[in-house]
Amino acid sequence: MKKQWWHSKTVYQIYPKSFYDSNGDGIGDLPGVIQKLDYLQYLGVDIIWLSPIYQSPLADQGYDISDYYQIDPRFGTMEDMDHLIQAAKERGMYILMDLVVNHCSDEHQWFKEAMADPEGEYGNFFYLAEKKMGRPCNWRSYFGGSVWEDLPGTEKQYLHMFHKKQPDLNWENPKLREEIYKNINWWLDKGLAGFRIDAIINIKKALPFRDYPADRPDGLCSPDVMLAHAQGIGAFLEEMRDKTFRPHNAFTVGEVFNEKPGELEQFIGDQGYFSTMFDFNEHMIGRSPKGAYADRDVTPEEYKEACFKAQEKIGDLGFYSTLIENHDEPRGVSHFLPAGQVCDAGKKMLAGLYFMLRGLPFIYQGQEIGMENIKFSSIDQVDDISTLAEYDTALAAGLSPKEALEAVGRSSRDNARTPMQWDAGPHAGFTQGTPWLKENPNFLEINVEEQRGRKDSVLEFYRRLIGLRKNKEYQETVVYGSLIPYLREQENLMAYFRKGEGQTLLVMGNFQKDSQRVILPGNTKKVLLNNLETWKEENGLAQMEGWQFVVLEQ
Ligand code: GLC
Ligand code: CA
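Next up, the structure:
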């Protein structure tokens, strides 16, 4: 694998709507991000990924773009954006935007033109079919129901893999592709470092449209089945890379869930379509094909195995991006730590275990202070369209409203979208007005102000993790050292070596509330990181406290 400038960095994801509201309208914005750059610098992150801030009706919170060349006024202006890029540069930081090009908004000019004249040029920017033929296929959209929707005022219907306000763009049309590349280059010319690339695996459809066996009582099939049948996405991705990212030497991270076996190298090898892609393997554990209501909890053993298998799969051919949460997932600490046992030590252990894997660590806003899932008391508190669809699926499966809320609340995307908890003041210091989404009541205890400078806080532990990644004495090993599991069979222990040139680090987390004994492979030279005050080691035997996490130099 060739070394790249970004390998040693740490990325921070901002969900702008919920990050910091500078003008009291209850919606986070770009001036708010600029005001918090000092904080991000204090934390030590280098690359900032902004979830979408383009003009949008916000049906899917900005993942439905109605103008790729405009900033939505609710988030600020183009001047704010230019200012942010500049201010980040001055701090040695990099800005990534979200690239959402599988679909646009039904309020985009292209779609309006297609509606006005389906036979005209813009009709071919989308997937349209005659209504009178019936639904061309039985694919289920990611947000529930058929992927087909009637095109208002016409004899046609259109395809949407996501919400009906997110019509899919027809990548088979070279004119559409050129429009997209033009836009990407326009943004890169502004000085962006690159993009996080949304739902990109969906741009290639299995054509011609056909039914697959139904997998739920609704008679539809999972969109994943279609993806498994789609062939030839590589040609699109190569073209996009060569016409946009490569000439700009841009950094890209793909949201890729369903690459086919053996495709990893084409995606993120040295000559790959993207710089890196997310390791979602841990996030797929326990997911039920029936719907979110039937998902089950993740055990520590499953988590460990998923991490190790992903590491084995990627080996030295590239760099995964590692994460425990993002804007589409519940809070990592609520999801991966056993229910009822979430505590600061456990939060730090989870942080350390994923952060020290070989890969590029991503931190999602609020993760660094250990923000947790919110408890919904009514479905009216839920904003996210995906959760609402999952709630309906749960009701249809026979759950009571209370059970359905409880079940889908656990994995709701809104868990991650509650306002960032800055301080213990009104609305967690997020806004002077009324937040667009209710804050988590635990902000009184969990907030930045309380943790900043408190030596044993979760926030300060994240700073130490980032610090170790930057420490010149260990950086080479932390970033590039090979990963070798240790005592893989020992239950509720996740341990691995990171081996570099003449240097070995041993990373260990006791993934349970009880203490456990661990046989050490050799003498410890130095304890580089410890999430507790003490470390008990004698004659090659360690006594690890519940949730203890250490990085030892061997
Ligand atoms: C991605 C985004 C998610 C969005 C979907 C459709 O998965 O992360 O938030 O709803 O794509 O754009
Ligand atoms: Ca605002």
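Here the numbering used here is used: the first residue of the sequence shown is -1, the next is one more, and so on. Glycine residues also receive a C-beta, built at the ideal position from the N, C-alpha and C atoms. This structure is a prediction, so every number in the text was calculated from the model and none was measured.
Among the options, nearest to residue i - alpha-carbon criterion
i: Leu205; options: Glu370, Phe193, Gln229, Asp222; result: Gln229
i: Ser139; options: Asn247, Trp47, Leu225, Thr152; result: Leu225
i: Ala85; options: Lys15, Asn122, Val31, Arg486; result: Val31
i: Gln473; options: Glu458, Gly498, Asn171, Arg486; result: Gly498
i: Ala337; options: Tyr301, Glu310, Leu351, Asp295; result: Asp295
i: Glu554; options: Leu485, Ala57, Pro287; result: With the chain represented from -1 up to 552, any question about residue 554 goes unanswered, as that position is not in the structure.
i: Asn122; options: Trp47, Gln33, Arg175; result: Arg175
i: Gly22; options: Gly451, Gln430, Asn508; result: Gln430
i: Ala127; options: Cys102, Arg208, Trp47, Ala191; result: Arg208
i: Tyr210; options: Thr502, Ile198, Val223, Pro483; result: Val223
i: Gly538; options: Phe160, Asn521, Ala197; result: Asn521
i: Phe124; options: Val9, Gln164, Ile199, Glu88; result: Gln164
i: Leu403; options: Tyr66, Thr75, Tyr389; result: Tyr389
i: Glu88; options: Gly189, Asp62, Gln107; result: Gly189
i: Arg462; options: Tyr40, Tyr18, Phe17, Gln11; result: Tyr40
i: Lys1; options: Gln514, Ile266, Glu448; result: Ile266
i: Asp65; options: Leu48, Met76, Ser103; result: Ser103
i: Gln510; options: His5, Gly357, Cys341; result: Cys341
i: Phe272; options: Phe547, Ile322, Trp4; result: Trp4
i: Asp166; options: Gln59, Tyr352, Asp196, Gln11; result: Asp196
i: Gln379; options: Glu437, Gln11, Gly465; result: Glu437
i: His281; options: Ile312, Arg239, Arg244, Ser332; result: Ser332
i: Asn256; options: Asp268, Val476, Ile199, Lys307; result: Ile199
Within 7 Å, strictly: CB atoms of residue i and residue j
i: Arg411; j: Asp326; result: yes
i: Thr320; j: Leu355; result: yes
i: Pro417; j: Phe428; result: yes
i: Arg285; j: Asp293; result: yes
i: Lys346; j: Phe441; result: no
i: Leu28; j: Asp78; result: yes
i: Trp545; j: Gly330; result: no
i: Val251; j: Ile178; result: no
i: Leu218; j: Asn324; result: no
i: Val516; j: Met542; result: yes
i: Asp96; j: Pro134; result: no
i: Met91; j: Asp36; result: no
i: Glu551; j: Leu518; result: no
i: Gly479; j: Met492; result: no
i: Ile83; j: Ile93; result: yes
i: Gln363; j: Leu481; result: no
i: Glu153; j: Lys129; result: yes
i: Ser16; j: Gly26; result: yes
i: Pro116; j: Phe73; result: no
i: Ala290; j: His161; result: no
i: Tyr318; j: Gly357; result: yes
i: Pro55; j: Glu119; result: no
i: Leu435; j: Ile367; result: no
i: Phe547; j: Gly350; result: yes
i: Gly192; j: Phe141; result: no
Per DSSP, cross-strand counterpart(s) of residue i
i: Ser480; result: Lys497
i: Thr320; result: Pro359
i: Asp166; result: His101
i: Ile63; result: Answer is none; Ile63 lacks a bridge partner.
i: Tyr156; result: Leu126, Glu147
i: Val549; result: Val505, Leu527
i: Trp47; result: Gln11, Leu94
i: Met492; result: Gly507
i: Arg515; result: Gln541
i: Tyr52; result: Ile69
i: Met275; result: Gly252, Tyr318
Range covered by the beta strand (DSSP E) that runs through residue i
i: Val456; result: Counting along the chain, Val456 falls outside any beta strand (DSSP E), though it belongs to the alpha helix (DSSP H) covering 456 to 468.
i: Ala540; result: 539 to 542
i: Thr532; result: Careful: Thr532 lies outside any beta strand (DSSP E) and carries neither H nor E.
Start and end residues, alpha helix (DSSP H) containing residue i
i: Asn181; result: 172 to 187
i: Val223; result: 221 to 227
i: Thr297; result: Per DSSP, Thr297 belongs to no alpha helix (DSSP H) and is neither H nor E.
i: Phe265; result: 262 to 266
i: Gln33; result: 28 to 33
i: Glu447; result: 446 to 449
i: Gly330; result: 330 to 334
i: Lys345; result: 342 to 353
Residue-chain proximity (residue i, chain C), Cβ-Cβ < 7 Å
i: Pro29; result: Although the question refers to chain C, the structure presented lacks it and comprises just one protein chain.
Residue i CB to nearest heavy atom of ligand 3 below 6 Å
i: Phe272; result: In the structure shown, ligand 3 is absent; the only ligands present are ligand 1 and ligand 2.
At 3 residues or longer, what runs of the beta strand (DSSP E) sit wholly inside the region 77 to 154?
Listed in chain order, they are 92 to 97, 126 to 128, 146 to 148.
Unbroken alpha helix (DSSP H) runs of length 4 or more, entirely within the region 187 to 256: which are they?
You should have 221 to 227, 231 to 238.
Residue ranges of each alpha helix (DSSP H) run of no fewer than 4 residues wholly in the region 375 to 420, ordered along the chain?
Residue ranges of uninterrupted alpha helix (DSSP H) with 4 or more members, entirely inside the region 375 to 420 and ordered along the chain, are 383 to 394, 399 to 407.
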